[in-house]
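Contents: one structure, followed by commentary.
Protein chains in written order, with the numbering used here: chain A, 1 to 385; chain B, 1001 to 1385.
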């Protein structure tokens, strides 16, 4: 597994499970790092039991663990501790997403590891972080989405709450952790000093709400859900068409006039109630109804080229299938192939980190079976069992 | 502005505007990099005109540009080009989020810059990337949210589309760009080689949908919106209470039994139709109604401690105000203060990248006024105007 990428030569020991930590090490593997998953014997990473399955193989696991190696170690057994420590001695980064305190109980907390492995960067991703009164609370993606405020600004006013359709709690934390680990690697390359990275899913939710937090602290008004519209620009939202919905983003007066023209509605352009963005925003509901009365006469696919040609930013609301059929997906290699020895050919999300100095091949190595790399790793470490 | 952080000593020339690029350089500034915004004379970054305003100052701009420096340069004027090139000669990274081709027209595309500044990392964040047939298309956060599929899996089935309440199109791209830039810095520290980073907002949307893409390519079933529930675990969703809603995540049979107990409903525990997770998932709607009939008897604040004490993961659906009042926010310094010379004291989202080797002070330097650092920068560069 010789990887090519900006992190080539970097070895990551990955104790993390399910999603937030594994997403971080997934990105690092895509960037060329060598990622060695250290999993509990027997079941391994919990995600190995998450569907959908193909020939008994978790494709959930296969997607986010592709290109990693696996060794099963019982960190409470002396023999396996010896192997684990030999791995740490050769590693650059350790990543874990246990509940705070777990690593300390195992004898592998930052305070113990840092003196022994002074160049080892330690990255922890947890629900609430390694400090503070709620540090020890468990967290799940959905619980954190609720706690962090993102659900309160997503959805339609007066309607039941909406979860973000992807695991923004986990994936968000995974992304921020990767930003921090890579920065810690820059620092270590320059100074030799390693640091502990402590990223909390809850903190990351707040960080993602940057703009909403600023609006609240500045205005004192608690932001609410806005459906699919812009808070202060009109028309700038999702509109119903004959067969679904589309987005039209007419960000200024000139674009609004062009839109009225494209819709064949000069009366809307002339109407005094829609003359300025401020007036349009005040009369948003009636204007939306007027626009939709036209849009509902044709399907989305007929409207897109027409409105696009008029120079107005717009687009469909694609399903996942439609999104993957977009010509940029193939052109940008955003759907890659993995040959899994058990599940067969899998098509998975590609790597959005395009770097001119490195290849972005259309295939990726598969995720490892539990403990698949044990023999080779032991040989490499010079350990006989 | 001496910064402390893992990227201390790194200088970033930031041509980016509004959000995706500025969010990347915001994170780099938080990590200790020196970020010099190069803005067009007159108006500067478009975001300077985005509200809410305090004393005429854009707090939208202030939030995401804190701690940066500013110089206004007309990249089409020879004199300013001279200054710009002197800046590039001392920089480690340039970040831009123009439409592809803009930098080439200015004579500052990667192909021209790389031979002249071989250690300069070039990061571009654009709507569709620098390659492919749709490369030159403009993109807006909302248009990309529609195109990339995330809106199709967010919201309630049969209801109008829902935009993610924060700018996941821009912020997502900003995060991935930062991951890539930091990795490129690691590579350059090791080898001296600089690389071009080409991140597309659209690609990032697909990357964020990793799990949904895998589910679609594996099963052939197009994922749809699920409201606020887990696709395959029940009860694991948002439930109405007397005064709002809360999340309960009872991920297995044991937790389900504990929940029935906490709700005072042993009949639900015994009911054959709710015996296994599979049965509960099939009868999700009726079970939800049963659970809500109990939850609606008390407010969320009464239920949380009760259900929490039973050991069941749960939580409120916080507003932004409630999220900021969580005790972890103060403990983790997730709301920081900026003293803006014009707008006064601003409270902004903190930095979730907690690193043991570096301080995380409760205050941050303000965002710069347009061209505020011109005189000092020229002096530093030894240029007289």
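For each residue, glycine too, the CB sits at the ideal point set by N, CA and C. Just so you know, these numbers come straight off a predicted model, no measurement behind them.
Contact with chain A by residue i, beta-carbon distance below 8 angstroms
i	result
residue 1147/B	yes
residue 1203/B	yes
residue 1317/B	yes
residue 1088/B	no
residue 1223/B	yes
residue 1232/B	yes
residue 1247/B	yes
residue 1025/B	no
For residue i, the three-state DSSP class (helix, strand or coil)
i	result
residue 20/A	helix
residue 1210/B	helix
residue 1032/B	coil
residue 1236/B	strand
residue 1134/B	coil
residue 1054/B	strand
residue 352/A	coil
residue 153/A	helix
residue 1002/B	Model confidence at residue 1002/B stands at a pLDDT of 45, short of 50, so the residue's coordinates are unreliable; what they give is reported in the following sentence. In the structure shown, residue 1002/B sits in coil (DSSP, three-state: anything other than H, G, I, E or B).
residue 109/A	coil
residue 256/A	helix
residue 1294/B	helix
residue 167/A	coil
residue 77/A	coil
residue 140/A	coil
residue 1216/B	helix
residue 1120/B	coil
residue 1346/B	strand
residue 1334/B	coil
Backbone CA spacing between residue i and residue j [nearest angstrom]
i	j	result
residue 376/A	residue 166/A	36 angstroms
residue 36/A	residue 14/A	6 angstroms
residue 74/A	residue 374/A	13 angstroms
residue 288/A	residue 159/A	19 angstroms
residue 1226/B	residue 113/A	43 angstroms
residue 1216/B	residue 81/A	40 angstroms
residue 248/A	residue 88/A	53 angstroms
residue 1006/B	residue 1072/B	28 angstroms
residue 12/A	residue 99/A	20 angstroms
residue 107/A	residue 38/A	16 angstroms
residue 93/A	residue 1029/B	23 angstroms
residue 1255/B	residue 343/A	32 angstroms
residue 189/A	residue 10/A	11 angstroms
residue 1333/B	residue 379/A	46 angstroms
residue 202/A	residue 180/A	16 angstroms
residue 372/A	residue 40/A	13 angstroms
residue 269/A	residue 1048/B	29 angstroms
residue 126/A	residue 1083/B	45 angstroms
Within-8 angstroms CB hit, residue i to chain B
i	result
residue 364/A	no
residue 2/A	Residue placement at residue 2/A cannot be trusted, given a pLDDT of 45 that sits under 50; the coordinates are not used to answer.
residue 384/A	no
residue 352/A	yes
residue 176/A	yes
residue 336/A	no
residue 359/A	no
residue 228/A	yes
residue 41/A	no
Where residue i falls, given that 16 or more other Cβ within 10 Å makes a residue buried
i	result
residue 1211/B	buried
residue 285/A	exposed
residue 1062/B	buried
residue 1328/B	buried
residue 252/A	exposed
residue 1018/B	buried
residue 1325/B	exposed
residue 16/A	buried
residue 1363/B	exposed
Any non-hydrogen atom of the ligand COA closer than 7 angstroms to residue i Cβ
i	result
residue 1173/B	Of ligands this structure carries none, so the ligand COA is not represented either.
Taking a cut of 8 angstroms between CB atoms, which residues from the segment 53-67 of chain A lie near chain B?
-> Taking a C-beta cut-off of 8 angstroms against chain B, the contacting residues of the segment 53-67 of chain A are 54, 59, 60, 62, 63 and 64, listed in chain order.
Check distances from the C-beta atoms of the segment 120-148 of chain A to those of chain B and list, in chain order, the residues that come in under 7 angstroms.
-> For the segment 120-148 of chain A, residues whose beta-carbon sits nearer than 7 angstroms to a beta-carbon of chain B comprise 128, 129, 131, 132, 133, 134, 138, 140, 142, 143, 146, 147 and 148.
Cβ-based contacts, 7 angstroms cut-off: residues of the segment 191-218 of chain A near chain B = If the cut-off is 7 angstroms between Cβ atoms, the segment 191-218 of chain A has 193, 195, 196, 197, 198, 199, 200, 202, 203, 204, 206, 207, 208, 209, 210, 211, 212, 213, 214, 215, 216, 217 and 218 near chain B.
Chain A contacts made by the segment 1157-1174 of chain B, where a contact means CB separation under 9 angstroms | Within the segment 1157-1174 of chain B, the qualifying residues are 1159, 1160, 1161, 1162, 1163, 1164, 1165, 1166, 1167, 1168, 1171, 1172 and 1173.
Going along the chain, which residues of the segment 1085-1114 of chain B sit with their C-beta nearer than 8 angstroms to a C-beta in chain A?
-> Taking 8 angstroms as the cut-off between beta carbons, the residues of the segment 1085-1114 of chain B near chain A are 1110, in sequence order.
Listed in chain order, which residues of the segment 300-317 of chain A have Cβ atoms closer than 8 angstroms to some Cβ of chain B?
-> Against chain B - using a Cβ distance shorter than 8 angstroms - the residues of the segment 300-317 of chain A are 313, 314, 315, 316 and 317.
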